[in-house]
Structure formats: C-alpha cells, structure tokens
Amino acid sequence: MMDKREIVSLARCAEYSEKEVFRAVSEAISALGGMQSFIKRGDKVLLKPNLLSAKTPDQAVTTHPLVVQAVGKLAKDCGGILTIGDSPALGNWKKIISLTGMEETAKYLGADLVRFSESVWVEREERHRFKKMEIAREAVESDVVINLPKLKTHVQMFLTLGVKNIFGCLVGKRKPAWHMEAGKDNMGFARRIVELYEAVGPKLTLVDGIVGMEGEGPGSGDPRRMGLIAAGRDAVAVDRVILEIVGGKVKQFYTLAAAEELGIGEPRLDSIQIAGGELEKLKLRDFKFPTMQGVEFGPPFLRPYIKDFVTTRPYEDHSKCTLCGHCIEACPPKIISKTKDKRLHFEYEECIRCYCCMEVCPEGAMKMKQGLILRALQWTGLM
226 MMDKREIVSL
236 ARCAEYSEKE
246 VFRAVSEAIS
256 ALGGMQSFIK
266 RGDKVLLKPN
276 LLSAKTPDQA
286 VTTHPLVVQA
296 VGKLAKDCGG
306 ILTIGDSPAL
316 GNWKKIISLT
326 GMEETAKYLG
336 ADLVRFSESV
346 WVEREERHRF
356 KKMEIAREAV
366 ESDVVINLPK
376 LKTHVQMFLT
386 LGVKNIFGCL
396 VGKRKPAWHM
406 EAGKDNMGFA
416 RRIVELYEAV
426 GPKLTLVDGI
436 VGMEGEGPGS
446 GDPRRMGLIA
456 AGRDAVAVDR
466 VILEIVGGKV
476 KQFYTLAAAE
486 ELGIGEPRLD
496 SIQIAGGELE
506 KLKLRDFKFP
516 TMQGVEFGPP
526 FLRPYIKDFV
536 TTRPYEDHSK
546 CTLCGHCIEA
556 CPPKIISKTK
566 DKRLHFEYEE
576 CIRCYCCMEV
586 CPEGAMKMKQ
596 GLILRALQWT
606 GLM
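So the number in the working numbering is just where the residue sits in the sequence shown, counting from 1, plus 225.
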C-alpha cells in the first residue's frame with residue numbers, strides 16, 4: 226500500500242563547501258522526486274532566500290549563497306528561467322546583495338536579482354479570513370516559487386523557517402502595516418502569514434540549517450552549527466520536523482500553531498514521512514530559544530496596566546548603538562526617537578512588542594528586558 230504521508234527529506238551537510246552543499250541539496254531534492262518533478266523547461270522560477278539584512282554568510286542571518294547556487298543549478302538544468310528575489314524592509318540593496326554573496330550567485334546562475342517593489346492584489350476564496358492579499362508581482366507571475374529559508378529563531382514568532390520566510394513576498398513598505406494591524410496579537414499575525422504562504426504556494430521549500438541561528442534571532446542571535454538541509458513540498462511539514470529537531474513545542478511556534486488551527490499544511494508529526502535521516506539522532510538537547518516574550522496574565526481589563534510586568538520590552542545597548550536610525554524607521558507604531566544626549570527613547574505604552582527594532586538593528590544593539598512578574602515566573606519554574 227502506498228504511503229500517502231507528506232514527505233520531508235533530511236540531508237547531513239558538514240560544511241559550506243561547493244561540493245558538499247551541492248551533494249546535500251541534490252540528495253534532499255532527489256528524495257522528493259528530483260527537481261524535474263517541480264520544474265519543466267521554460268518555467269519562470271523564483272528563488273526566494275532570506276535576505277534580511279546586509280550581513281556576511283558566516284553571520285548566519287541570511288540564506289547561504291552556496292545553498293541558493295546549488296538549488297539554482299538544479300533548477301536551471303531542468304530548463305528553469307531563474308529570478309532571485311526578496312524584500313528586506315530596510316537597508317541598501319546593493320550592500321545587501323554584495324555582502325550576502327547573492328550578487329555573485331546570481332551572476333554565476335545567469336539569474337535576475339530583484340528587490341520586490343511592486344504588489345499585485347490576489348483574490349482569495351470565501352473560506353479565507355483575508356479575501357484579498359497583496360503579494361510581490363514576481364511571486365505571482367512565477368510558474369514556480371522555491372522557498373529557501375534560513376533556520377533561525379525569531380523573537381516574535383519563536384522560529385522563522387519555511388512559512389515565515391514567505392513574509393518576504395510582501396513588499397517591504399507594506400510590512401509595518403501588517404504589524405500594526407496585528408498589534409500585540411502574535412497569533413493574529415501568524416494566521417495572516419500562514420494565509421500569505423498558502424496564497425503564494427511555493428512548490429518546494431528547502432531550509433539552510435547547515436549553520437543556523439539560536440538565541441535572539443532573526444538578526445541578533447548566535448550562529449549554531451547544525452549540519453542539516455531539510456526539504457519538502459509542504460513548508461508546514463518541514464517546519465514541524467525542524468521543530469522536533471530543535472526541541473520546541475507547537476503552541477510556542479506561532480506560525481505552526483496557526484497552520485494547525487487553519488487546516489493549512491501538515492503539522493502532525495505522525496502524518497509526515499521522514500526520508501534520509503533518523504530524527505532521533507538529529508535532535509538537539511541544548512538549542513537556545515529566544516527570550517520569552519510574555520504571557521496572557523490576569524483579567525483582560527487589567528492587562529493594559531500590568532503588561533510591563535508580564536512581557537519583554539526592547540531597549541538599546543548604548544555601547545553598541547551607533548544611532549543609525551534603522552530601528553526608528555522600522556518601528557510600526559513609531560515609538561522610538563533620539564534624545565539630545567544621543568540615546569534612544571521608547572514610548573513603551575504604545576509599543577506593540579513586534580521587535581522589528583531588534584530584527585533590523587545592524588549592530589545587534591537592541592536587547593530585550595523581561596518584566597518583573599515574567600522573571601519571577603521563570604525563576605520559580607512556573608514557565
């Protein structure tokens with residue numbers, strides 16, 4: 226009897242060498258039927274890496290160029306016409322593509338390299354919460370979208386993997402509006418990301434977990450060698466398998482919990498067939514997750530008054546801050562300003578705890594401070 230479970234393939238990869246990465250990527254995609262099962266000659270193929278900011282590959286903030294190169298080579302061999310694209314919210318595009326190695330990779334592959342700047346409105350079926358979605362034109366007009374995330378923690382969503390990487394198919398200038406509309410509701414934000422993922426519909430998701438990021442990701446965490454490539458047709462299933470490897474819980478991982486709630490993708494581990502690796506041998510016991518963000522604590526009418534005690538809040542490490550202004554520009558509710566004594570000032574009453582300031586800080590100067598009650602709950606082991 227044929228096994229109809231969703232397949233997620235895992236391949237070991239010890240280092241970022243051209244030969245080793247190509248072997249691991251080829252192995253992972255072969256277990257899914259080979260690149261020819263995704264692409265036919267003449268298809269317009271969008272490769273969607275994570276290009277969060279102008280960081281070098283060794284900082285583990287962005288998808289490694291050798292992973293993009295390997296996937297692109299396989300796609301090109303099948304006759305695909307390649308574009309590499311993303312939509313970082315801030316930063317100089319020339320600097321981003323230069324430092325991340327993506328400019329050189331695009332030249333090697335003969336691929337167009339674009340920063341998404343134009344949106345297309347896509348009508349959705351009545352069953353969806355969001356009846357229309359605004360998506361980057363390149364994603365809508367491609368025959369095949371290949372999703373190439375970096376394995377990282379995320380201070381708002383817990384992890385950023387396959388589903389969250391598709392948030393980059395929203396044109397950068399629209400991202401603050403999504404954060405503001407979601408406000409402090411992380412699950413609401415996650416539901417919207419999951420529906421965006423379904424609307425974009427990537428045919429293949431391949432995660433760069435050779436060196437991932439732990440701690441205060443997605444931009445200020447610590448590189449963590451994991452030696453892993455994970456791939457699948459369903460990004461929800463891929464995310465679920467990686468969650469099992471790093472040791473988190475579904476309810477902590479907002480986009481996975483939202484996918485389960487909405488019935489999008491396969492979030493059940495027992496309904497996923499794992500190819501190419503023994504899950505138990507890949508599991509990590511000491512992966513560092515981001516600082517706990519907060520809890521729904523006390524009666525709803527009291528929460529506005531006690532939120533500073535039961536949530537985390539951003540602050541700047543003055544010794545690292547260069548006053549570049551990225552956090553001020555990225556902040557959706559515009560609650561950050563510069564003071565006369567060259568410090569940052571936060572209007573915490575209006576802060577929605579989206580942590581965009583941490584995400585875009587090029588110096589890793591934005592930190593999180595836990596509220597008093599939250600610290601006490603963690604110290605006593607109640608959280």
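We put the CB at the ideal spot given by N, CA and C, even for glycine.
Over what stretch of residues does the alpha helix (DSSP H) that includes residue i continue unbroken?
i	result
LYS592	Where LYS592 is concerned, there is no enclosing alpha helix (DSSP H), although the beta strand (DSSP E) it sits in stretches over 591-595.
VAL255	It is worth fixing the name first, because residue 255 is Ser in this sequence and not Val. Residues 243-255.
ARG237	Premise fails: ARG237 lies in the beta strand (DSSP E), 231-237, not in any alpha helix (DSSP H).
GLU363	362-366
GLN294	290-302
ASP464	460-471
ASP404	The sequence shown places His at residue 404, rather than the Asp named in the question. Counting along the chain, the alpha helix (DSSP H) containing HIS404 begins and ends at 400-407.
GLU420	411-425
Between residue i and the rest of its own chain, which residues show a CB-CB distance below 8 Å, the 5 nearest in sequence each way excluded?
i	result
ASN411	GLN381, MET382, TYR479 and GLN518
May I have the straight-line CA-CA distance separating residue i from residue j, to the nearest angstrom?
i	j	result
ALA590	GLU328	27 Å
TYR241	VAL432	14 Å
GLY444	LEU384	12 Å
LYS197	ASN390	No answer is possible for residue 197: it lies beyond the span of the chain, which begins at 226 and ends at 608.
GLY434	LEU386	10 Å
LYS563	PRO587	17 Å
VAL520	VAL286	Interpretation of VAL520 is limited by its pLDDT of 47, a score under 50 that renders its predicted location unreliable; no figure is taken from the coordinates.
ALA460	VAL388	6 Å
LYS506	LEU494	16 Å
ILE470	PRO274	22 Å
LYS476	GLY335	42 Å
PRO492	CYS303	31 Å
CYS581	ASP228	42 Å
MET405	HIS551	18 Å
SER365	GLY297	According to the sequence provided, residue 365 is Val. The question's Ser does not apply to it. Answer to the nearest angstrom: the Cα atoms are 19 Å apart.
TRP403	PHE414	7 Å
Can you list, in chain order, the residues of its chain with a C-beta nearer than 7 Å to that of residue i? Leave out the 5 residues immediately preceding and following it.
i	result
VAL339	THR308, GLY310 and GLU363
THR281	LEU324
GLU423	ILE489
VAL292	VAL246, VAL250, LEU373 and ASP433
GLU252	ALA236 and GLY501
ALA314	GLY397, LYS400, ALA555 and VAL585
Between which two residues does the beta strand (DSSP E) holding residue i run?
i	result
GLN261	Neither: GLN261 is in no beta strand (DSSP E) and is coded neither H nor E.
PRO539	537-541
GLY387	Careful: GLY387 lies outside any beta strand (DSSP E), inside the alpha helix (DSSP H) at 387-390.
ASN275	Counting along the chain, ASN275 falls outside any beta strand (DSSP E), and DSSP gives it neither H nor E.
THR430	429-439
ARG340	337-340
ASN372	369-373
PRO448	447-457
LYS513	Taken as a continuous stretch (DSSP letters only), LYS513 belongs to no beta strand (DSSP E), as it is neither H nor E.
With residue i and residue j assumed to form a contact (beta carbons below 8 Å), what rounded beta-carbon distance in angstroms separates them?
i	j	result
ARG465	LEU487	Contact flag wrong, Cβ pair sits at about 14 Å.
SER367	LEU271	4 Å
MET593	THR516	5 Å
GLU231	ILE467	With a Cβ gap of about 14 Å, GLU231 and ILE467 do not count as contacting.
LYS301	VAL369	Not really, about 12 Å apart at Cβ, beyond 8 Å.
ASP268	GLY305	5 Å
Step through the CB atoms of chain D and report whether any lies within less than 8 Å of the CB of residue i.
i	result
CYS546	Chain labels in this structure do not include chain D; a single protein chain is all it has.
Quick one: what's got a C-beta closer than 6 Å to residue i's C-beta in the same chain, skipping five residues either side?
i	result
ASP542	ALA590 and LYS592
ALA484	VAL419, VAL461, GLY490 and PRO492
PHE512	GLU439, VAL471 and GLY472
For the ligand COA, is there any heavy atom lying closer than 7 Å to the beta carbon of residue i?
i	result
GLU240	No copy of the ligand COA occurs in the structure displayed, which carries no ligand at all.
Worksheet item: Per the contact definition of three or more C-beta pairs closer than 8 Å, is the segment 453-461 in contact with the segment 235-253?
Response: yes
Discussion item. Does the contact criterion of 3 or more C-beta pairs under 8 Å hold for the segment 343-361 versus the segment 313-323?
Written reply: no
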